[in-house]
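Structure first, commentary second.
Protein chains: 2
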Amino acid sequence: MQSRTPTPRASGRPRSAEADAAILAATREALVELGWSKLTLGDVATRAGVAKTTLYRRWAGKNELVVDAVAELFDELRLPDRGSLAADIEGVVLQFAAILDRPEAKSGLMAAIAESTRDDALRERIRDSIVDRQKCLVLEGRARAQRRGELAPEPDPTESARTADLIFDVVAGAVVHRTLVSGRPADAEWVRAFTALLLGGLGADAGGRPQDDGPAGGAPLTASS
Amino acid sequence: MQSRTPTPRASGRPRSAEADAAILAATREALVELGWSKLTLGDVATRAGVAKTTLYRRWAGKNELVVDAVAELFDELRLPDRGSLAADIEGVVLQFAAILDRPEAKSGLMAAIAESTRDDALRERIRDSIVDRQKCLVLEGRARAQRRGELAPEPDPTESARTADLIFDVVAGAVVHRTLVSGRPADAEWVRAFTALLLGGLGADAGGRPQDDGPAGGAPLTASS
DNA sequence: GTGGTTTCGCTACGAGTCGTAGCGTAATGG
DNA sequence: CCATTACGCTACGACTCGTAGCGAAACCAC
Chain A
135 MQSRTPTPRA
145 SGRPRSAEAD
155 AAILAATREA
165 LVELGWSKLT
175 LGDVATRAGV
185 AKTTLYRRWA
195 GKNELVVDAV
205 AELFDELRLP
215 DRGSLAADIE
225 GVVLQFAAIL
235 DRPEAKSGLM
245 AAIAESTRDD
255 ALRERIRDSI
265 VDRQKCLVLE
275 GRARAQRRGE
285 LAPEPDPTES
295 ARTADLIFDV
305 VAGAVVHRTL
315 VSGRPADAEW
325 VRAFTALLLG
335 GLGADAGGRP
345 QDDGPAGGAP
355 LTASS
Chain B
135 MQSRTPTPRA
145 SGRPRSAEAD
155 AAILAATREA
165 LVELGWSKLT
175 LGDVATRAGV
185 AKTTLYRRWA
195 GKNELVVDAV
205 AELFDELRLP
215 DRGSLAADIE
225 GVVLQFAAIL
235 DRPEAKSGLM
245 AAIAESTRDD
255 ALRERIRDSI
265 VDRQKCLVLE
275 GRARAQRRGE
285 LAPEPDPTES
295 ARTADLIFDV
305 VAGAVVHRTL
315 VSGRPADAEW
325 VRAFTALLLG
335 GLGADAGGRP
345 QDDGPAGGAP
355 LTASS
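As given, the protein sequences belong to chains A and B, one line each in that order. Read in order, the letters of the first sequence are residues 135 to 359 in this note's numbering. Read in order, the letters of the second sequence are residues 135 to 359 in this note's numbering.
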């Protein structure tokens with residue numbers, strides 16, 4: 135999952151799985167305390183209780199290590215069936231926002247994406263371990279909505295994939311931008327307004343109510359501004 | 135604009151404005167060739183033809199320098215009146231996408247945002263020199279659409295500001311995510327589909343036509359995939 | 001001109017990090 | 001028992017960082 139399979143290993147001492155977990159946990163810990171730029175592999179090794187050389191034997195560099203460490207945060211993303219498209223969107227967006235609100239995700243993920251603009255292999259790694267997993271949720275939620283009759287079925291698979299990509303960029307991008315660039319929390323109130331905008335567009339009433347009345351329950355309005 | 139006014143300077147040798155321009159240009163050049171992580175201030179100084187100490191006298195560190203260098207790229211953002219809300223959105227989004235497509239913007243801006251999660255002063259700097267300038271375009275375009283009658287006027291200023299923030303996060307976030315994370319160009323075809331989604335929502339036909347027929351004129355479809 | 005002030009270019013420096021090599025040891029399979 | 005692989009540890013040259021110190025240059029006020 136994390137380090138690429140080095141060889142079809144036949145015999146010899148196996149790599150310690152505990153060391154892997156300790157290293158990834160230490161990486162997240164260092165991300166929280168130091169951030170991306172001040173994070174050093176030597177410090178991570180010390181925190182994890184392993185030798186620095188062990189790190190370099192498993193990961194090519196800081197980029198790959200941080201991607202793997204952050205990717206584990208997104209494993210908990212689920213898409214429970216809440217009965218309506220609006221409720222499903224709100225649920226998964228709130229989960230996504232909660233993960234992105236963690237300091238290790240903020241600094242680590244964004245820096246890794248920045249580095250991936252000049253490293254195709256890193257971009258591939260991010261896509262495989264993080265992005266594609268999120269995109270599956272979009273496909274699943276869209277299929278559910280189509281089964282419910284909330285969305286018109288899309289027979290053309292090419293057009294369907296294009297639309298799914300678009301939705302994914304809009305949803306993930308909006309949450310990321312809200313959390314990291316605007317620096318404000320994607321709380322229940324924001325998620326509700328965003329869902330309304332996504333479903334109804336700018337022409338509809340984007341302020342108050344989605345198409346059914348109480349999707350997110352009685353969540354308290356945490357006034358941000 | 136870039137370096138904070140150090141003192142209410144009275145007399146003495148003035149700072150070379152040409153050096154400022156040369157340093158920022160050299161920073162962008164180094165961002166293109168080296169990316170964020172391998173960019174060193176010593177290298178930038180050499181490229182700009184100034185001493186390394188001059189850099190440290192004007193900027194606190196790599197973060198601030200890169201933010202100022204990238205901010206200049208966004209100065210060219212304009213919002214020409216194209217006659218309809220859909221056309222206005224498509225126009226400004228295409229401009230934004232063109233800037234983000236530059237390699238110096240990709241690596242520099244994202245890395246700076248990543249660092250800003252642990253540096254409030256840097257976040258403020260990014261907001262002042264980059265983000266707020268983009269948000270003004272949202273406000274302007276929205277006001278135009280309300281004057282045209284395409285959008286319902288929003289009397290409550292608090293709610294209006296909230297909605298503008300939401301729109302801004304959705305638009306900017308979607309373009310950034312498309313360009314950097316998905317790694318695909320936000321070309322005319324994508325922008326058209328995005329505009330349709332933004333205006334009509336998921337319930338409407340998000341594939342082909344916005345609410346008026348030909349918003350972007352006869353722009354050729356640059357088939358990407 | 002003269003003096004005061006600030007900037008600039010240059011050199012040098014200690015501190016810290018990088019990524020690797022080398023060595024002996026531990027853990028597995030045949 | 002032996003081959004193979006992973007591990008911990010040390011040490012190393014190379015590089016970057018950010019700063020200090022110096023003399024020279026550019027500007028203003030007088």
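Where is the CB? At the ideal position from N, CA and C, for every residue including glycine. The structure displayed is predicted, hence computed values, not measured ones.
Query: I'd like the span of the alpha helix (DSSP H) that includes Trp324/A, first residue to last.; Result: Ala322 to Gly334
Query: Taking buried to mean at least 16 other C-beta atoms within 10 Å of its own C-beta, is Ala308/B buried or exposed?; Result: buried
Query: Report the CB separation of Val227/B from Phe328/B in whole angstroms; it is logged as a contact under 8 Å.; Result: 7 Å
Query: Skipping 5 residues on each side, what residues in its chain have a beta carbon closer than 6 Å to that of Val325/A?; Result: Glu224, Val227 and Leu228
Query: If you draw a straight line from the C-alpha of Arg162/B to the C-alpha of Val184/B, how long is it?; Result: 16 Å
Query: Could you tell me whether the Cβ of Arg216/B comes closer than 8 Å to any Cβ of chain A?; Result: no
Query: Measuring alpha carbon to alpha carbon, tell me which of Phe230/B, Gly169/B, Ala220/B and Asp177/B ends up nearest Ala320/B.; Result: Phe230/B
Query: Note down the Cα distance separating Gly334/B from Glu284/B, rounded to an integer number of angstroms.; Result: 12 Å
Query: Kindly give me the distance between the Cβ atoms of Ala255/B and Trp170/B, rounded to whole angstroms, as I take these residues to be in contact under 8 Å.; Result: Actually they are not in contact, since the Cβ atoms of Ala255/B and Trp170/B sit about 19 Å apart, beyond 8 Å.
Query: With the cut-off set at 8 Å, would you say Asp202/A and Leu271/A are in Cβ contact?; Result: no
Query: Which residues of chain A have a Cβ atom closer than 9 Å to the Cβ of Glu249/B, listed in chain order?; Result: Gly169, Trp170, Ser171, Ser241, Met244 and Ala245
Query: Are the CB atoms of Val310/A and His311/B within a distance shorter than 8 Å?; Result: yes
Query: Out of Val204/B, Ala153/B and Ser316/B, state which residue places its alpha-carbon closest to the alpha-carbon of Tyr190/B.; Result: Ala153/B
Query: The ligand PLP heavy atoms versus the CB of Arg276/B: any closer than 7 Å?; Result: This structure lacks the ligand PLP, and indeed carries no ligand of any kind.
Query: Ends of the alpha helix (DSSP H) at Leu127/A?; Result: No answer is possible for residue 127/A: it lies beyond the span of chain A, which begins at 135 and ends at 359.
Query: Using the beta-carbon of each residue, which ones in chain B are nearer than 9 Å to Pro289/A?; Result: Simply none; closest approach about 11 Å.
Query: If you draw a straight line from the C-alpha of Ala295/A to the C-alpha of Gln280/A, how long is it?; Result: 14 Å
Query: Assuming Leu213/A contacts Glu258/A under a Cβ cut-off of 8 Å, what Cβ separation, rounded to an integer in Å, is found between them?; Result: Contact doesn't hold; Cβ gap of about 25 Å is too wide.
Query: What does a CB cutoff of less than 6 Å around Ser150/A pick up in its chain, not counting 5 residues either side in sequence?; Result: none
Query: Comparing alpha-carbon positions, which option in Leu165/A, Leu168/A and Lys196/A lies nearest Lys172/B?; Result: Lys196/A
Query: Please work out which residues of its chain come closer than 7 Å, Cβ to Cβ, to Glu206/B, disregarding the five sequence neighbours upstream and downstream, and give them in chain order.; Result: Leu158
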